[in-house]
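End of the sequence shown = 656 in numbering that gives the first Met the number 0, gap-free, step of one. C-beta: ideal position from N, C-alpha, C; glycine also. Okay, so here's the structure we're looking at.
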Amino acid sequence: MIMSKPMNVTQKLISSHLLEGTMEPGKEIGLKADQALLQDATGTLVMLELEAMKLDRAKTEVAVQYVDHNLLQTDYKNADDHEFLRTAAAKFGIWFSRPGNGVSHPVHMERFGMPGKTLLGSDSHTCAAGSLGMLAIGTGGLDVGLAIAGEPYYVKMPKVLGVKLTGNMPDWVSAKDVILEMLRRYDVKGGRGYIIEYYGDGVKDLTAMDRHVIANMGAELGATTTVFPADDETRRFMRSQEREDDFSELLPDEGATYDDYEEINLSGLEPLIATPSSPGNVVPVREVAGKEVHQAVIGSSANPGLRDFWIISEIVKGRMVSPHVSLDINPTSRQIIQNLADIKAFGKLMQSGGRFHQSGCMGCIGMGQAPASGKISLRTVPRNFPGRSGTLDDQVYLCSPETAAVSALTGKITDPRDMEKLYDMQYPHLEYPEKQIINREMLIPPPENNQDVEVIKGPNIKSLPDLQPLIDECEVPAILKMEDNISTDEILRAGAEVLPLRSNLPEISKWAYYVIDQNFHSRSLEAHENYGGHVVVAGDNYAQGSSREHAALAPRYLGQRAVLAKSYARIGWQNLVNFGIIPLEFKNPDDYNTIDKDDIIRLENISSSLKKRDTIKAKNMTKNKEYEMTYSLSDRQIDVMLAGGIINRFKEKKQSP
Ligand code: MIC
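Spelled out as structure tokens, the structure:
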């Protein structure tokens, strides 16, 4: 009898969904996507892409369009998008989660998540569903659109980092501190090229929603995704959601190994906080204690669980938050609101000054709740990239619900363990109700006769432009030189002013790189007129953060030919390729130091070099220097580049016999 090699959970998930390639780290593989998740801020483009692909009906087992990001209706734009999404979802056979139903990731976990399945989502935090033993990957909308159309999802086979959890979390420490500890150790790029799999006895100390917190913010580490086993706790969670039938156990085999190892002793953790303006700037809360706080924002996919709101209600109950602190509460979902009322947490939050907003992402992406300039805002959300809150000089800190609640009471950043001496309070533990109130009312299933649906497009919905095939040479200015870790929030900002333009490329492109250079738009138009386009230069980990394709499509629309960077973040890199911008890498990273803003860069023989897999020469005409540029594209991606982007490539493939 042949004994098969023991597998970890990640290997089981990948091998059971592998359509193309071999599981060799660094090599491109094609995966079957069982489920798809779309949110509104990226979903409008996906729907336009599905239209361009002439899709009849979604081919995934389940596809769901959520409306959770662009909820404020300050004019017709977001409302137009909601109507477009509602009708387009029906047209393409996709479920629709109505505005105000809740944040996509936790709602998806509760209503559709299934151990052993794959999920592809047009949001970087899709990885949160790894909490249930799924392989859940966030990516650009085009990749999700193609998966909905039945194509494989292509990604570089990652290595697996096994993180062994031991011990038990001390009082006043919770799941957010576990992922902040990972960020303290690995920063925002240490997870690139990895799937992070948690194992060990400490996993049992984490509820399914705690695992969601940790898996969700795996995105901040730059990891391809995060995976937890599906165990008894997963079963308990699914039972509480009245979906026990969808549970199946998924554990690592006895003797399973990992490519790399890490260990966290939960008992040794203390409350942590990420300081402005990167999720990787993590320090113990006590190191920044005493700074005056003006806002505490609670909610988002990073702390979405009933417990996360309940613990705050217990901390503030019978007390009033500091007079200069706004305690903004963004309930995860309507279901959470009902359950908070049921366990009597809602009233306590109200009584203590909590400002209730509708269920959705809200302040997490700057859809309202922008903080006062220069004032400290503590948030339980996953990201604090510069300007993301809507205030350009924001001071956003990321922390656990415990730290946020205690600090809201004292009016200054406070280590939550001080609650014992300040207010003589012992750490409370939630007894989970056996059954939760379930609310499925705002989820609309796709109609059977989807072909008859009329798609409604208001004036805010503009069709996608045609992209030209790749040009062979160009001589263009480098109109921007950027540092390491530039996030997509800096390339194409979030916030209530810009988000409603997601379905209107000509308008949103006016905001490209605005956080870095407020004149970028006019300078790119000038470069287009005088040189036929531009390039930009960046350091390591360019385009980290969100999955928004606009961070590639808008620059492309403004004439971006290539990015010259030291290295890239996965999703941002995939999006550049999908929209026909070449992600070039300095073979010698020191060359980066010799380029200045506005230098003229000449790229020659682009297509012929790509076809031959040769390096591409970039000549700095201003400095009279030559740089050797590499690119780590697969053969498939080279075809995509040559065609001028993935939509053109898809159409070519459809036309060829
Ligand atoms: C984010 O958290 O950055 C977002 C906003 O959810 C993005 C998606 C988007 O830009 O629409 C993400 O995580 O991918």
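- A direct Cα-Cα distance of roughly 29 Å separates Met156 from Leu47.
- Around the beta-carbon of Tyr75, fewer than 16 other beta-carbon atoms lie within 10 Å, marking it exposed.
- Put simply, of Pro385, Ile335, Ile375 and Glu419 the residue whose alpha carbon is nearest the alpha carbon of Cys398 is Ile375.
- If the five residues before and after Ile478 are omitted, its C-beta is found closer than 6 Å to the C-beta atoms of Arg522, Ala526 and His533, all from its own chain and listed in chain order.
- Cβ-Cβ distances below 7 Å link Ala561 to Val534, Ile580, Ile581, Leu583 and Leu602 in the same chain, with the five nearest sequence neighbours on each side left out; the list follows chain order.
- By the Cβ test, the region 357-376 is in contact with the region 318-332, since at least three Cβ pairs between them sit closer than 8 Å.
- Non-local beta-carbon contacts of Ala146 in its own chain, meaning distances under 8 Å to residues more than five positions away in sequence, involve Ala32, Ala35, Thr59, Leu119 and Tyr152 in chain order.
- Counting other Cβ atoms within 10 Å of its Cβ, Arg439 stays below 16 and is therefore classed as exposed.
- Relative to Ile194, the option among Glu286, Tyr257 and Val395 whose CA is nearest is Tyr257.
- About 20 Å separates the beta carbon of Glu430 from that of Pro415, a gap too long to meet the 8 Å contact definition.
- Remark: C-beta atoms of Ser123 and Ile570 approach each other more closely than 9 Å.
- Apart from the 5 residues on each side of it in sequence, Ser15 sits with its Cβ closer than 8 Å to the Cβ of Gly115 in its chain, given in chain order.
- Looking from the CA of Glu109, the closest CA among Lys586, Glu241 and Ile272 belongs to Glu241.
- Per DSSP, reduced to three states, the secondary structure at Ser606 is helical.
- In the DSSP assignment, Arg560 falls outside any alpha helix (DSSP H) and lies within the beta strand (DSSP E) extending over Gln559 to Ala564.
- In the three-state scheme derived from DSSP, where H, G and I count as helix and E and B as strand, Leu268 is classed as coil.
- Checking the DSSP bridge columns, you'll see Tyr541 partnered with Tyr567.
- Note: Gly101 is bridge-paired with Ser332 in the DSSP secondary-structure output.
- By DSSP's assignment, Gly298 forms a beta bridge with Asn329.
- The region 426-488 contains no complete alpha helix (DSSP H) run of 4 or more residues.
- Annotated three-state conformation of Ala511 is strand, per DSSP.
- The bridge partners DSSP lists for Leu249 are Ala229.
- Taking C-alpha positions only, Phe91 is separated from Met319 by approximately 49 Å.
- Annotated three-state conformation of Lys163 is strand, per DSSP.
- Cβ neighbours of Val187 within its own chain (closer than 8 Å, five residues either side excluded): Glu219, Leu220, Gly221, Ser277, Pro278, Gly279, Asn484, Asn540 and Gln543.
- With contacts defined by Cβ atoms closer than 9 Å, Glu262 and Leu179 do not form a contacting pair.
- For Phe384, there is no enclosing beta strand (DSSP E), as DSSP marks it with neither H nor E.
- In this structure, the CA atom of Asp589 is about 25 Å from the CA atom of Gln573.
- Taken from the Cβ of His124, at least one heavy atom of the ligand MIC lies inside 8 Å.
- The beta carbon of Ile437 sits closer than 7 Å to the beta carbons of Gln240, Glu241 and Gln334 from its chain, once the five residues preceding and following it are set aside; these are given in chain order.
- Taking every protein chain shown into account, the CB of Leu182 has 16 or more other CB atoms within 10 angstroms, so this residue is buried.
- Within 10 angstroms of the beta-carbon of Pro444 lie fewer than 16 other beta-carbons, which makes it exposed.
- Pairwise C-beta distances place the region 502-521 out of contact with the region 366-380, as fewer than three of them are shorter than 8 Å.
- Separation of the CB atoms of Ile13 and Leu160 is rounded to 14 Å, and the pair is thereby denied contact status at 8 Å.
- Nearest to Leu205 by alpha-carbon distance, out of Lys175, Glu313 and Asn623, is Lys175.
- Ranking Asp80, Ile490 and Lys26 by CA distance to the CA of Val45 puts Asp80 first.
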